[in-house]
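*Asks:* Which chain is which? The protein sequence lines are A and B, in order. The first sequence begins at 0 in numbering that gives the first Met the number 0 and counts up by one. The second sequence begins at 0 in numbering that gives the first Met the number 0 and counts up by one. Every residue, glycine too, gets a C-beta built ideally from N, C-alpha and C.
2 protein chains.
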Amino acid sequence: MGEPVIGEFELIERYFARCAPGDARVVLGIGDDCALYRPRAGYDLAISTDMLLAGRHFFADTDPEGLGHKSLAVNLSDLAAMGAAPVAFTLGLALPKADPDWLLAFSRGLSQIAAEFSCPLVGGDTTRGPLAISITILGEVPAGAGVRRSGARPGDDIWVSGCLGGAALALRLLEGRARAAPGVLEALLPALLRPHPRVALGLALAPWVSAMIDLSDGLVGDLGHILERSSVGAALDVEHVPGAHALIELEPRMRLECLLAGGDDYELCFTALPGRRPAIEEVADRLDVRLSRIGSIEPGGALRFADWQGQPYRLPDGLDLTGFDHFG
Amino acid sequence: MGEPVIGEFELIERYFARCAPGDARVVLGIGDDCALYRPRAGYDLAISTDMLLAGRHFFADTDPEGLGHKSLAVNLSDLAAMGAAPVAFTLGLALPKADPDWLLAFSRGLSQIAAEFSCPLVGGDTTRGPLAISITILGEVPAGAGVRRSGARPGDDIWVSGCLGGAALALRLLEGRARAAPGVLEALLPALLRPHPRVALGLALAPWVSAMIDLSDGLVGDLGHILERSSVGAALDVEHVPGAHALIELEPRMRLECLLAGGDDYELCFTALPGRRPAIEEVADRLDVRLSRIGSIEPGGALRFADWQGQPYRLPDGLDLTGFDHFG
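1) List, in order along the chain, the chain A residues whose C-beta lies closer than 8 angstroms to that of B/Met81?
2) Identify each residue in the stretch 112-130 of chain A for which the Cβ-Cβ distance to at least one residue of chain B is less than 8 angstroms, and report them in chain order.
3) In chain order, what residues of the same chain lie with their CB nearer than 6 angstroms to the CB of A/Pro241, ignoring the 5 residues before and after it?
4) Assuming B/Ser76 and B/Arg197 make a contact with CB atoms under 8 angstroms, what is their CB distance in whole Å?
5) So the alpha helix (DSSP H) B/Leu282 belongs to, where does it begin and stop?
6) Can you say whether A/Pro129 is buried or exposed, counting buried as having 16 or more other CB atoms within 10 angstroms of its CB?
7) Are the C-beta atoms of A/Leu320 and some chain B residue less than 8 angstroms apart?
8) Along the stretch 41-54 of chain A, where does the CB come closer than 7 angstroms to a CB of chain B? Name the residues.
9) Excluding the five sequence neighbours on either side, which residues of its own chain have a C-beta within less than 6 angstroms of the C-beta of A/Gly165, listed in chain order?
10) Taking 8 angstroms as the CB-CB cut-off, is B/Thr135 touching chain A?
11) Near B/Ala169, which residues of its chain fall below 7 angstroms by C-beta distance, leaving aside the five closest residues on each side in sequence?
12) Who are the near neighbours of A/Ala104 in its chain, counting only those whose CB is closer than 6 angstroms to its CB and skipping five residues on each side?
13) Which residues in chain B sit within 9 angstroms of A/Gly217, going by Cβ to Cβ distance?
14) Let me make sure I understand the geometry here. Which of B/Arg285, B/Pro38 and B/Glu250 has the alpha-carbon closest to that of A/Glu139?
15) Please give me, in chain order, every unbroken run of the alpha helix (DSSP H) with length at least 4 that falls completely inside the stretch 44-97 of chain B.
16) For the alpha helix (DSSP H) containing B/Val219, list its first residue and its last residue.
17) Please go through the same chain and pick out, in chain order, the residues whose beta-carbon is closer than 6 angstroms to the beta-carbon of B/Val219, but skip the five residues on each side of it.
18) Within this structure, are the beta carbons of B/Cys268 and B/Val159 separated by less than 8 angstroms?
19) Around the Cβ of B/Trp307, are there at least 16 other Cβ atoms within 10 angstroms (buried) or fewer (exposed)?
20) Roughly how many whole angstroms lie between the Cα atoms of B/Ala83 and A/Ala180?
21) Comparing alpha-carbon positions, which option in A/Gly143, A/Glu174 and A/Ala283 lies nearest A/Gly201?
22) In whole angstroms, what is the alpha-carbon distance linking B/Ala53 and B/Glu248?
23) So, helix, strand or coil for B/Val240, using DSSP?
24) Tell me which residues of the stretch 250-271 of chain B have at least one Cβ-Cβ distance to chain A shorter than 9 angstroms, keeping chain order.
25) Can you tell me where the beta strand (DSSP E) with B/Leu120 in it begins and where it stops?
26) Counting contacts by CB-CB distance shorter than 8 angstroms, is A/Pro38 in contact with chain B?
27) For B/Gly1, which residues from the same chain have a beta carbon less than 8 angstroms from its beta carbon, with the 5 sequence-adjacent residues on both sides left out?
28) When the Cα atoms are used, what is the spatial distance from B/Asp263 to B/Met253?
29) Assign B/Ala178 to one of three DSSP states: helix, strand, or coil.
30) If the cut is a Cβ gap below 7 angstroms, which residues of chain B does A/Gly223 touch?
31) Which of the three DSSP states is assigned to A/Gly150 in this structure?
32) If you measure between the beta carbons of A/Glu297 and A/Pro153, is that distance less than 8 angstroms?
33) Starting from the beta carbon of A/Arg147, find every residue of chain B whose beta carbon is closer than 8 angstroms, and list them in chain order.
34) In whole angstroms, what is the alpha-carbon distance linking A/Gly143 and A/Asp155?
35) Does the beta carbon of B/Leu78 come closer than 8 angstroms to any beta carbon on chain A?
36) Could you pull the start and end residues of the alpha helix (DSSP H) that A/Gly309 belongs to?
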C-alpha cells in the first residue's frame, strides 16, 4: 500500500496524548468510552462546536502545525465571546492517510495552544476520509454570567477589539485577488494562520458588556447576529473601525470589504452602556489591547453606516458585505 | 446553480431547532457563540465524540432518517458504557448540498432519538463538504461512579447484553458477501441501521460492574480494550456467546467472524465479581434484557478461546477477528 501502517489507537496514543496536559478536574482523559470531567460548583458549562474542512476553511496543503493551532483557536474564540474560561476539548479528525510528518506537526500546533490556554484534549475519534477537523470545546463561566448575543439595547456603545481586515487581506493576497508591497503578506500571515483568541479579554470584559460575539465571518455579518438576536438596529461609524495598517494601500472597495466583511479576524465585538466606558478602557489598558468604539445601538432592526459626524456614509457601489455563509 | 438557496443559519433554524426539546438545565441552546449548561452538583460530566463519514461508516445513499438515528445512537451507546445518563449533544455536519428532503429526514431521525433519550441538541456547525457527521455528547454520572475499561480483575465474570452478529451479517448481505433466506435481511436491518443504545441498562448495571465497554468494533476487539486497560487476560467461552438467530445458517468461519468480530452491535460487554451475579440477573429480569456470562478474567494479558468445558476452542483457520481499525 506504500503508506505507513499505524492503528487508530496507536495514532491517538502517539500523537495526541501530549495534547492532554494534566488537570485535576479531568477525572478521566482519552482512552475510554467517555472522558470524565468534574464541573466546578457555581459555574455554567459553555459548549461550542466548529467543523473545519480542507478546501473550504483552509487549503489542503496548509502548514499542519498552523492548522492544529487554528483549529483550537477558533473554538477558544467562541468561549472568549461568552466570557468563558477554557476547560477541555474533544477532537474528531478525518484524515486521507496516517502521514507521520503531518500528524506530528498538526499535533504539535494543537498541543502548544492547548497548553497555552490550559485546555486539555480529553477525547476524540479518528477515521480515514477527506481531511476534516471537528472540535468541541468546553468552558466554564460563573452561573448566569455567560455573555449572550441578545443583550444589546438602544443607546449601548458598540466596541471592537484589535484591528480588522488583516486576515482577509492575507487570504486575498494568497489567492491572487489583491496585490501588496513586498513583506506585506508575510506580516499579515500570522493573523490568518495563527489567530490569537481573545480569551483573557473576554473574561475581563464579561462583567461590563451587554452582548458579545467573536468576529469569524466579518464585522457586518457578526454584528448583524447581535442586532437580530437583540431585536435592535445600529449606526456603525465606518471611519472609526480600526483596520490593519496594510489596508490603507487598497482601493476603497476592497479595503472596505476586508474591513467590514473580511472574516477570520477572531476579534471581539461587544456592546455596553456608555457608563461602562471607564471600566472598559481600564480593561484595554490593563491587557494592552486596543478597544475602539465604532458605533451605537439604535431602536429598530436596521444597520446603517455613518461617518464620524453621524451623517450617512456612502459605501462604494457593488460592495459585498455579506458574511461567509456555507450554503448561501 | 440548480440547488436550493438556503443559508447556514436558516438551515439550523428550520431543520434542527426541533432537535432541541426543553431542558431546564440547558440555560442557553443553539444560536449563540456557545451553549450554556448548568451541571448538577455531585455529578461528573461524561464526554464522547464520534465522527461518521459517508463511504466509511455508512453508504452515501443510506436512508437519512436512519442515519440521523444512528449518528446519535452510537454516541448514546458510549454514555451507556460509562453508566452515564444523557444530557445534551452538539452536531458538526458537512453536507455536499442543502437538500431539503435529506435534511428533513435526517433531522427527523435525529430529533426522534434525541427526544426518546431526553438529550437535546445544544449547538453545532454546518458547512459544505463531503458528507460527515461529528457528534459530541455530554452525559452525567454520580461523581466518581463512571465505569471505566480499566477495572477488570482476575476472577471476574465476563458478560454481554443481547445477541451479537446481526448487524455484521446484515452488512455482509447488503454487500453481497453472504447469502440468506428471504426475509432474513429485512429482519436484521434494524440492528444495523437503527441500533438501540443500552442507556437504561448501563445505568442499572453501573453499581455492580468492574469494567464496561460498548461493542462497536466487535467483541474480541472491544473486550481486548478492557483487557489492555485492565492489564489482564481472559478466557472467552465461545459457545456461550449469544448470536443472532440468523447466524446459525452461516458456514462456521463467517458465523464466528460475525459473532466475535462483527462490529456495530452496540451491546454492552462488562465484567463483574461472581458475587454480583444475583444483582446482575435481577437487572436482566427487570429490564427484560438478555445478559449472558461468556467467560472470565484471568491473570496475564492473553485472550484465549474456550469451549463450555473450559477446553481450548479450536477456531477455523484464516479467521479474521481484528476489530475495525480505520488506519490498520
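*Replies:* This is what the structure gives:
1) What you label residue 81 of chain B is simply residue 82 of the second sequence in a count that begins at 1. Those within 8 angstroms of B/Met81 in chain A are Asp31, Asp32, Cys33 and Leu35.
2) The residues in question are Val121, Gly122, Gly123, Asp124, Thr125, Thr126, Arg127, Gly128 and Pro129.
3) Here residue 241 of chain A refers to the residue found at position 242 of the first sequence. Taken in chain order, the residues that qualify are Cys162 and Ser291.
4) Reading the second sequence from its first residue, position 77 is the one you call residue 76 of chain B. Reading the second sequence from its first residue, position 198 is the one you call residue 197 of chain B. B/Ser76 to B/Arg197, Cβ: 7 angstroms. Contact.
5) Position 283 of the second sequence, counted from the start, is the residue given in the question as residue 282 of chain B. Sequence check: residue 282 of chain B is Val here, not Leu. For B/Val282, the enclosing alpha helix (DSSP H) begins and ends at Arg276 to Leu286.
6) The residue you call residue 129 of chain A lines up with position 130 of the first sequence. The residue is buried, with at least 16 neighbouring Cβ atoms inside 10 Å.
7) Within the first sequence, the letter at position 321 stands for residue 320 of chain A. For A/Leu320, the closest Cβ of chain B is not nearer than 8 angstroms.
8) Across the stretch 41-54 of chain A, CB contacts with chain B closer than 7 angstroms involve Asp43, Leu44, Ala45, Ile46, Ser47, Thr48, Asp49, Met50 and Leu52, in sequence order along the chain.
9) Residue mapping note: residue 165 of chain A aligns to position 166 of the first sequence, counting from 1. Taken in chain order, the residues that qualify are Leu187, Ala190 and Ala243.
10) Working through the second sequence from its first residue, we reach residue 135 of chain B at position 136. Taking CB atoms only, B/Thr135 has a neighbour in chain A less than 8 angstroms away.
11) As a first step, residue 169 of chain B is located in the second sequence; it is residue number 170 there, counting from the start. If we look at B/Ala169 and ignore the five residues flanking it on each side, its Cβ neighbours are Leu184, Leu187, Leu188, Ala190 and Leu191.
12) Position 105 of the first sequence, counting from 1, holds the residue named residue 104 of chain A. Contacts found: Pro63 and Glu64.
13) Counting from one through the first sequence, the residue named residue 217 of chain A turns up at place 218. In chain order: nothing, as chain B lies at least about 14 angstroms away.
14) If you number the first sequence from 1, residue 139 of chain A lands on position 140. Closest by C-alpha distance to A/Glu139, out of B/Arg285, B/Pro38 and B/Glu250, is B/Pro38.
15) List check, alpha helix (DSSP H) in window: 63-81.
16) Here residue 219 of chain B is taken as the residue at index 220 of the second sequence, counted from 1. Following the DSSP letters along the chain, one finds B/Val219 inside the alpha helix (DSSP H) bounded by residues Leu218 to Ser229.
17) Reading the second sequence from its first residue, position 220 is the one you call residue 219 of chain B. Result list for B/Val219: Leu259, Ala260 and Leu320, in chain order.
18) Counting from 1 along the second sequence, the entry for residue 268 of chain B is found at position 269. Counting from 1 along the second sequence, the entry for residue 159 of chain B is found at position 160. Yes, the pair counts as a contact, with Cβ atoms nearer than the cut-off.
19) As a working note, residue 307 of chain B is residue 308 in the second sequence. Exposed, because fewer than 16 other Cβ atoms sit within 10 Å of the Cβ of B/Trp307.
20) Locating residue 83 of chain B in the second sequence gives position 84, counting from the first residue. Locating residue 180 of chain A in the first sequence gives position 181, counting from the first residue. Looking at the two C-alpha atoms, the distance is approximately 58 angstroms.
21) On the first sequence, residue 201 of chain A is found 202 positions in, with the first residue counted as 1. Checked all of A/Gly143, A/Glu174 and A/Ala283; the closest Cα to A/Gly201 is A/Ala283.
22) Within the second sequence, numbered from 1, the residue matching residue 53 of chain B stands at position 54. Within the second sequence, numbered from 1, the residue matching residue 248 of chain B stands at position 249. Rounded to the nearest angstrom, the two C-alpha atoms are 31 angstroms apart.
23) The residue labelled residue 240 of chain B in the question sits at position 241 within the second sequence. Three-state DSSP puts B/Val240 in coil, outside helix and strand.
24) Listed in sequence order: no entries.
25) For the purposes of this step, residue 120 of chain B is taken as residue 121 along the second sequence, with counting starting at 1. Segment Leu120 to Arg127, the beta strand (DSSP E) holding B/Leu120.
26) Here residue 38 of chain A refers to the residue found at position 39 when the first sequence is read from its first residue. Yes, contact with chain B.
27) As a working mapping, residue 1 of chain B is identified with position 2 in the second sequence. Here B/Gly1 scores only 35 on pLDDT, less than 50, and its place in the model is too uncertain to base an answer on.
28) Taking the second sequence and counting its residues from 1, one reaches residue 263 of chain B at position 264. Taking the second sequence and counting its residues from 1, one reaches residue 253 of chain B at position 254. Straight-line Cα distance between these residues: approximately 16 angstroms.
29) Within the second sequence, residue 178 of chain B is the residue found at index 179, counting from 1. In the sequence on display, residue 178 of chain B carries Arg and not Ala. In this structure, DSSP gives B/Arg178 a state outside helix and strand, which the three-state scheme calls coil.
30) Start at 1 with the first residue of the first sequence, and residue 223 of chain A comes out as number 224. The contacting residues do not exist; A/Gly223 stays about 10 angstroms from chain B at best.
31) Locating residue 150 of chain A in the first sequence gives position 151, counting from the first residue. Of the three classes helix, strand and coil, the one that applies to A/Gly150 here is coil, per DSSP.
32) Within the first sequence, residue 297 of chain A is the residue found at index 298, counting from 1. Within the first sequence, residue 153 of chain A is the residue found at index 154, counting from 1. Result yes, Cβ atoms of A/Glu297 and A/Pro153 sit closer than 8 angstroms.
33) What you label residue 147 of chain A is simply residue 148 of the first sequence in a count that begins at 1. Within 8 angstroms Cβ-Cβ: Leu27 and Asp31.
34) Against the first sequence, residue 143 of chain A aligns to sequence position 144. Against the first sequence, residue 155 of chain A aligns to sequence position 156. Looking at the backbone, the Cα of A/Gly143 and that of A/Asp155 are separated by about 21 angstroms.
35) In the second sequence, the residue the question calls residue 78 of chain B occupies position 79. Judged by the 8 angstroms Cβ criterion, B/Leu78 is in contact with chain A.
36) One-based indexing of the first sequence puts residue 309 of chain A at position 310. Counting along the chain, A/Gly309 falls outside any alpha helix (DSSP H), and DSSP gives it neither H nor E.
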